[in-house]
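Protein chains: 2
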Amino acid sequence: MAVRWELIQRDPASMARRGRLHTPHGVIETPVFMPVGTQATVKTLSPEEVWDLGARIILSNTYHLYLRPGHDLVREAGGLHTFMNWPGAILTDSGGFQVFSLSDLRKITEEGVHFRSHIDGSSHFLSPEKAIEIENALGADIIMAFDECTPWPCEHDYAKRSLERTTRWAARCKAAHARPDSQALFGIVQGSTYADLRRQSAAEIVDLDFPGYAIGGLSVGEPKELMHEMLEITVPLLPGDRPRYLMGVGSPEDLVEGVWRGIDMFDCVLPTRIARHGTVFLPDGKMTVRNAEFARDFMPIQEGCDCYACRNYSRAYIRHLLKAEEMLGLRLCSIHNLRFLVRLMEEIRAALEAGRFAEYRREFLSRWHAGEEARRTGAKAGPAEPALPENR
Amino acid sequence: MAVRWELIQRDPASMARRGRLHTPHGVIETPVFMPVGTQATVKTLSPEEVWDLGARIILSNTYHLYLRPGHDLVREAGGLHTFMNWPGAILTDSGGFQVFSLSDLRKITEEGVHFRSHIDGSSHFLSPEKAIEIENALGADIIMAFDECTPWPCEHDYAKRSLERTTRWAARCKAAHARPDSQALFGIVQGSTYADLRRQSAAEIVDLDFPGYAIGGLSVGEPKELMHEMLEITVPLLPGDRPRYLMGVGSPEDLVEGVWRGIDMFDCVLPTRIARHGTVFLPDGKMTVRNAEFARDFMPIQEGCDCYACRNYSRAYIRHLLKAEEMLGLRLCSIHNLRFLVRLMEEIRAALEAGRFAEYRREFLSRWHAGEEARRTGAKAGPAEPALPENR
Chain E
1 MAVRWELIQR DPASMARRGR LHTPHGVIET PVFMPVGTQA TVKTLSPEEV WDLGARIILS
61 NTYHLYLRPG HDLVREAGGL HTFMNWPGAI LTDSGGFQVF SLSDLRKITE EGVHFRSHID
121 GSSHFLSPEK AIEIENALGA DIIMAFDECT PWPCEHDYAK RSLERTTRWA ARCKAAHARP
181 DSQALFGIVQ GSTYADLRRQ SAAEIVDLDF PGYAIGGLSV GEPKELMHEM LEITVPLLPG
241 DRPRYLMGVG SPEDLVEGVW RGIDMFDCVL PTRIARHGTV FLPDGKMTVR NAEFARDFMP
301 IQEGCDCYAC RNYSRAYIRH LLKAEEMLGL RLCSIHNLRF LVRLMEEIRA ALEAGRFAEY
361 RREFLSRWHA GEEARRTGAK AGPAEPALPE NR
Chain C
1 MAVRWELIQR DPASMARRGR LHTPHGVIET PVFMPVGTQA TVKTLSPEEV WDLGARIILS
61 NTYHLYLRPG HDLVREAGGL HTFMNWPGAI LTDSGGFQVF SLSDLRKITE EGVHFRSHID
121 GSSHFLSPEK AIEIENALGA DIIMAFDECT PWPCEHDYAK RSLERTTRWA ARCKAAHARP
181 DSQALFGIVQ GSTYADLRRQ SAAEIVDLDF PGYAIGGLSV GEPKELMHEM LEITVPLLPG
241 DRPRYLMGVG SPEDLVEGVW RGIDMFDCVL PTRIARHGTV FLPDGKMTVR NAEFARDFMP
301 IQEGCDCYAC RNYSRAYIRH LLKAEEMLGL RLCSIHNLRF LVRLMEEIRA ALEAGRFAEY
361 RREFLSRWHA GEEARRTGAK AGPAEPALPE NR
């Protein structure tokens, strides 16, 4: 089997687990956050920078790489790891999410999806078989089944028909998978925010027997309470000996809440996207270092932070770079935000090992929410900009 | 004295010298090329990357830092070295060149120059005293006198009046310099492309006795032959025990030709600017790796090159990054081009030491010019884009 997940420890107080994912490109400690390298590069960073901040697995996007530079070219280059010079593990999504969120004029049939490229308007067709062919060519350690990610809100009737098609597509993906010995194919549970549909989807997808399971169709605009409820319904239906991956989730509080509800893997563009707007994570919420109030602030972004940006540069310098549109500014904020999430997961793993995750979660969330609330109400300097949608 | 230049060896066949510049931030082997960090950052690179490619001195721009973030802020931060986290030496220009090339509505008087900011149109005044005040605040190891850089072509009468004002300004700069023990102030020879004016300017500026001398007002559009002629007239008039700096010059062939004519220091934005258009230096001329012909070329930019980009990435990957507008692409091309020039200077120094610089120059220029000519006439793949003005 290409990928094996090993359970190390269960949390007595929650669904959380401490585990270890064995892949052809190294061992990944879980729970884990995976930085996103959409176009075969984590935006603004070199692979060494991603590695040095502690990431050992990254995500890349099938839809984007299929359109540009093309999966045949990546295969010719020796696969995605070689092409982009990344020594760690890689997970590729199936392109389903982007087909439904980025492309134009899409038409869904039982066979697959016709769509037009967001780059040049050219016509394309993705099916379960085609998505797997692309993912086999890219050669990631973990590949995802081709699913339909329904928007929120979504009618019950449509969500049901969609999840049933996603199940049929998952079976076709499994049949089409040509490299099961070197790439693990994960199934994806859908069902929008309907408890009965989540149960139906989980049962159907688990029945197909995948080496890992993802929960898709969440963090697409629904209230957090609904997301938590869906996790609480879905996770117990997934086999306890397989890794569980919550797709497109990556704000600090969502990571903590996801682990609490039994999630082992996360990915999100949020840390790198807000970094490019000059917004950074702190233990007490988000701060926009681009703001004028930091012009003469010679402190690091976060005091005591061990990231490259905080060890070497002041808020004043980083703000100067952002105002002057110098790329190093985007890079320093990206490094800080990714290191913040990678360290958060390190702390969560340590708390799980020490049997004090419940306490860690309580303290982290209390500090985070109080700070975010204070910024929202103006009680605290440095209001963050409005939250961006947390797309994959 | 803040800076001392030590002569190591003279070339028997030319005006070239092998030397060593002792500064408060390290020893610089000369001849040397200085990467440009206009806004307190070498565009797209971290200080570690600039250091790792072998640079030990960089240039930064007084005009830009004065306007943004402001020299007071940089002084508060502990000076430019601390602000930008650069452990090596720094040279700042005086702002003269940018005032005459970038700003709007400038008005020159004997006292100084009134101009409007290219960023926000605000009104400013730079004089010799103000430029030195700013350079003292920035704290570079080498600072430049405030001069007028005349455009090309330029009337003899105007060039003469301008160089005489530049001389008077140089004397005022020297009088205003508040930190001669930690910062070396270099004088600048002007005189456009008139032999008599270059002689007059050199005599006047040398008479003021500076620890180093720059040649300004060249590489501003004049034919190469004229630049060479002006160097051949000016260099012998400069004291043999002081470093000589040719401002704004940085194409590979100009570096070789400049060293041949007795120049010790160079700077130019060319390597990083063309990198951002996907154009890279090769021993046989420039190549645009962004071109379609490199889509499936899995060779490094330059075979055998020891730079980070060539050791780890293919032309195909770098082209993909450039097409996808990913910043890592600009960074890899910038690293290659800067390493190319830094290595060129290493090779020149080694050739000088071995007494074979004449041979090195002949071989380098013959290969370079043949390749450039072949690309121009289409005899060779990969036509470079039209040459950009080689501004500082």
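Protein sequence lines correspond, in order, to chains E and C. Per the UniProt record's numbering, the first sequence starts with residue 1, numbered consecutively. Per the UniProt record's numbering, the second sequence starts with residue 1, numbered consecutively. Glycine included, C-beta positions come from ideal geometry on N, C-alpha and C. Predicted model, so just to flag it, every value in this text is computed and none were measured.
(request) Write down every uninterrupted run of the beta strand (DSSP E) in the segment 105 to 132 of chain C whose length is 3 residues or greater and which is fully enclosed by it, in chain order. (result) Runs of beta strand (DSSP E) with 3 or more residues, each lying fully within the segment 105 to 132 of chain C, are found at 113 to 116, 123 to 126, listed in chain order.
(message) When you compare the CB positions of E/L226 and E/Q200, do they come within less than 8 Å of one another, or not?
(response) As a position in the first sequence, residue 226 of chain E is number 226, starting the count at 1. As a position in the first sequence, residue 200 of chain E is number 200, starting the count at 1. Not closer than 8 Å, so no.
(request) Go through its chain and collect everything with a Cβ distance to E/E8's Cβ below 7 Å, but skip five positions before and after it. (result) Within the first sequence, numbered from 1, the residue matching residue 8 of chain E stands at position 8. The question names Glu, but residue 8 of chain E in the sequence shown is Ile. R18, G19, R20.
(request) Excluding the 5 residues preceding and the 5 following E/P239 in the sequence, name in chain order all residues of the same chain whose CB lies nearer than 8 Å to its CB. (result) Numbered from 1 along the first sequence, position 239 holds the residue referred to as residue 239 of chain E. Counting only residues of its own chain and dropping the five nearest sequence neighbours on each side, E/P239 has a CB closer than 8 Å to the CB of V206, Y213.
(message) Is there a Cβ of chain E sitting closer than 8 Å to that of C/A40, yes or no?
(response) Sequence index remark: in the second sequence, residue 40 of chain C carries index 40 (1-based). When Cβ-Cβ separations below 8 Å define contact, C/A40 makes contact with chain E.
(request) Assign E/F125 to buried or exposed, taking buried as 16 or more other Cβ atoms, counted over all protein chains shown, within 10 Å of its Cβ. (result) Position 125 of the first sequence, counted from the first residue, corresponds to residue 125 of chain E. Under this definition E/F125 is an exposed residue.
(request) Determine whether the Cβ of C/R296 lies closer than 8 Å to any Cβ atom of chain E. (result) Working through the second sequence from its first residue, we reach residue 296 of chain C at position 296. Yes, because at least one Cβ of chain E sits closer than 8 Å to the Cβ of C/R296.
(message) Rounded to whole angstroms, what is the Cα-Cα separation between C/R10 and C/L352?
(response) On the second sequence, residue 10 of chain C is found 10 positions in, with the first residue counted as 1. On the second sequence, residue 352 of chain C is found 352 positions in, with the first residue counted as 1. Approximately 8 Å between the Cα atoms of the pair.
(request) In angstroms with no decimal places, state the Cα-to-Cα distance between C/P69 and E/H369. (result) Here residue 69 of chain C is taken as the residue at index 69 of the second sequence, counted from 1. Here residue 369 of chain E is taken as the residue at index 369 of the first sequence, counted from 1. C-alpha separation (whole angstroms): 34 Å.
(message) My output table needs one value for E/T234: the three-state DSSP class, helix, strand or coil.
(response) The count along the first sequence starts at 1 and reaches residue 234 of chain E at position 234. For E/T234, the secondary structure class from DSSP, reduced to helix, strand or coil, is helix.
(request) Would you kindly report the start and end of the unbroken alpha helix (DSSP H) that includes E/V259? (result) On the first sequence, residue 259 of chain E is found 259 positions in, with the first residue counted as 1. Looking at the DSSP string, the run of the alpha helix (DSSP H) that includes E/V259 is 252 to 260.
(message) I need the straight-line Cα distance from E/M34 to E/K107, nearest angstrom please.
(response) The sequence position of residue 34 of chain E within the first sequence is 34, counting from 1. The sequence position of residue 107 of chain E within the first sequence is 107, counting from 1. Distance between the alpha carbons of E/M34 and E/K107 is about 31 Å.
(request) To the nearest angstrom, report how far apart E/G139 and E/P128 are at their CA atoms. (result) Here residue 139 of chain E refers to the residue found at position 139 of the first sequence. Here residue 128 of chain E refers to the residue found at position 128 of the first sequence. Cα-Cα distance, rounded: 16 Å.
(request) Can you grab the Cα-Cα spacing for the pair C/E48 / E/P151, in whole Å? (result) Numbered from 1 along the second sequence, position 48 holds the residue referred to as residue 48 of chain C. Numbered from 1 along the first sequence, position 151 holds the residue referred to as residue 151 of chain E. The straight-line gap from Cα to Cα measures roughly 44 Å.
(message) Please list the terminal residues of the continuous beta strand (DSSP E) segment that includes C/Y313.
(response) As a working mapping, residue 313 of chain C is identified with position 313 in the second sequence. Looking at the DSSP string, C/Y313 is not in any beta strand (DSSP E), and its letter there is neither H nor E.
(request) Could you spell out where the alpha helix (DSSP H) holding C/L174 opens and where it closes? (result) By 1-based counting over the second sequence, the position of residue 174 of chain C is 174. Checking the sequence, you will find Lys at residue 174 of chain C rather than Leu. Where C/K174 is concerned, the enclosing alpha helix (DSSP H) stretches over 156 to 176.
(request) Compare the C-alpha of E/I274 against each of E/E326, E/S334, E/A137 and name the closest. (result) If you number the first sequence from 1, residue 274 of chain E lands on position 274. Checking every option, the nearest Cα to that of E/I274 belongs to E/S334.
(request) Mind listing, in chain order, the continuous beta strand (DSSP E) runs of no fewer than 3 residues lying wholly within the segment 258 to 289 of chain E? (result) Those beta strand (DSSP E) runs which fall completely within the segment 258 to 289 of chain E and span 3+ residues are 265 to 267, 279 to 282, 285 to 288.
(message) If we define contact as Cβ-Cβ less than 8 Å, is C/H277 a contact residue for chain E?
(response) The sequence position of residue 277 of chain C within the second sequence is 277, counting from 1. Among the residues facing chain E, C/H277 is not included, as its CB has no counterpart in that chain under 8 Å away.
(request) Would you please state the rounded distance, in angstroms, between the beta carbons of C/G26 and C/R56? I believe it to be under 8 Å. (result) Mapped onto the second sequence, residue 26 of chain C falls at position 26. Mapped onto the second sequence, residue 56 of chain C falls at position 56. At roughly 6 Å, the Cβ-Cβ gap stays under 8 Å, so C/G26 and C/R56 are in contact.
(message) I want to verify the contact list: residues of chain C whose CB lies under 7 Å from the CB of E/N312, in sequence order.
(response) Position 312 of the first sequence, counted from the first residue, corresponds to residue 312 of chain E. Those are N85, listed as they occur along chain C.
(request) Please determine, among C/A137, C/E155, C/C310, the residue with the shortest C-alpha to C-alpha distance to C/A176. (result) For the purposes of this step, residue 176 of chain C is identified with residue 176 of the second sequence, where counting begins at 1. Distance check between C/A176 and each of C/A137, C/E155, C/C310 places C/A137 closest, using alpha-carbon atoms only.
(message) I need the DSSP call for E/F33, collapsed to helix, strand or coil.
(response) To locate residue 33 of chain E, count along the first sequence from 1; it is residue 33. The answer is strand: DSSP assigns E/F33 an E or B state.
(message) Does C/L53 pass the burial test, meaning 16 or more other C-beta atoms within 10 Å, or should it be called exposed?
(response) Position 53 of the second sequence, counted from the start, is the residue given in the question as residue 53 of chain C. Counting other Cβ atoms within 10 Å of its Cβ, C/L53 reaches 16 or more and is therefore classed as buried.
(request) Would you identify the three-state DSSP class for E/Q39, choosing helix, strand or coil? (result) One-based indexing of the first sequence puts residue 39 of chain E at position 39. Coil.
(request) Taking 8 Å as the threshold, find out whether the segment 283 to 295 of chain E comes into contact with the segment 310 to 324 of chain E through three or more Cβ pairs. (result) The segment 283 to 295 of chain E, when compared against the segment 310 to 324 of chain E, does touch it at the 8 Å Cβ threshold.
(message) Using the three-state DSSP reduction, which class does E/W51 fall into: helix, strand or coil?
(response) Locating residue 51 of chain E in the first sequence gives position 51, where the first residue counts as 1. It is helical.
(message) Buried or exposed, going by whether 16 or more other CB atoms sit within 10 Å of the CB of E/S94?
(response) By one-based count along the first sequence, residue 94 of chain E stands at place 94. Flag for E/S94 reads buried.
(request) State the beta-bridge partners of residue 396 of chain C as determined by DSSP. (result) Limits of chain C in this structure are 1 at one end and 392 at the other, which puts residue 396 of chain C out of reach.
(request) Could you tell me the distance, in whole angstroms, from the CA atom of E/K160 to the CA atom of E/G304? (result) As a first step, residue 160 of chain E is located in the first sequence; it is residue number 160 there, counting from the start. As a first step, residue 304 of chain E is located in the first sequence; it is residue number 304 there, counting from the start. Approximately 49 Å, taken between the alpha carbons.
(request) Measure the alpha-carbon distance for residue 408 of chain E versus E/D120 and round it to whole angstroms. (result) With chain E represented from 1 up to 392, any question about residue 408 of chain E goes unanswered, as that position is not in the structure.
(request) Please say whether C/Y66 and C/I134 have beta carbons closer to each other than 8 Å? (result) Position 134 of the second sequence, counting from 1, holds the residue named residue 134 of chain C. Position 66 of the second sequence, counting from 1, holds the residue named residue 66 of chain C. Yes, the Cβ-Cβ distance between C/I134 and C/Y66 is below 8 Å.
(message) Could you compute how far the alpha carbon of E/M287 sits from the alpha carbon of E/A170?
(response) Within the first sequence, residue 287 of chain E is the residue found at index 287, counting from 1. Within the first sequence, residue 170 of chain E is the residue found at index 170, counting from 1. Going by the C-alpha atoms only, they are around 41 Å apart.
(request) Assign E/R17 to one of three DSSP states: helix, strand, or coil. (result) Within the first sequence, residue 17 of chain E is the residue found at index 17, counting from 1. Strand, per DSSP.
(message) Quick check: is the beta carbon of C/A324 nearer than 8 Å to any beta carbon in chain E?
(response) Residue mapping note: residue 324 of chain C aligns to position 324 of the second sequence, counting from 1. At a cut-off of 8 Å between beta carbons, C/A324 contacts chain E.
(request) State buried or exposed for residue 393 of chain C, treating a residue as buried only when at least 16 other CB atoms are found within 10 Å of its CB. (result) Nothing can be reported for residue 393 of chain C: it is not among the residues displayed for chain C, which extend from 1 to 392.
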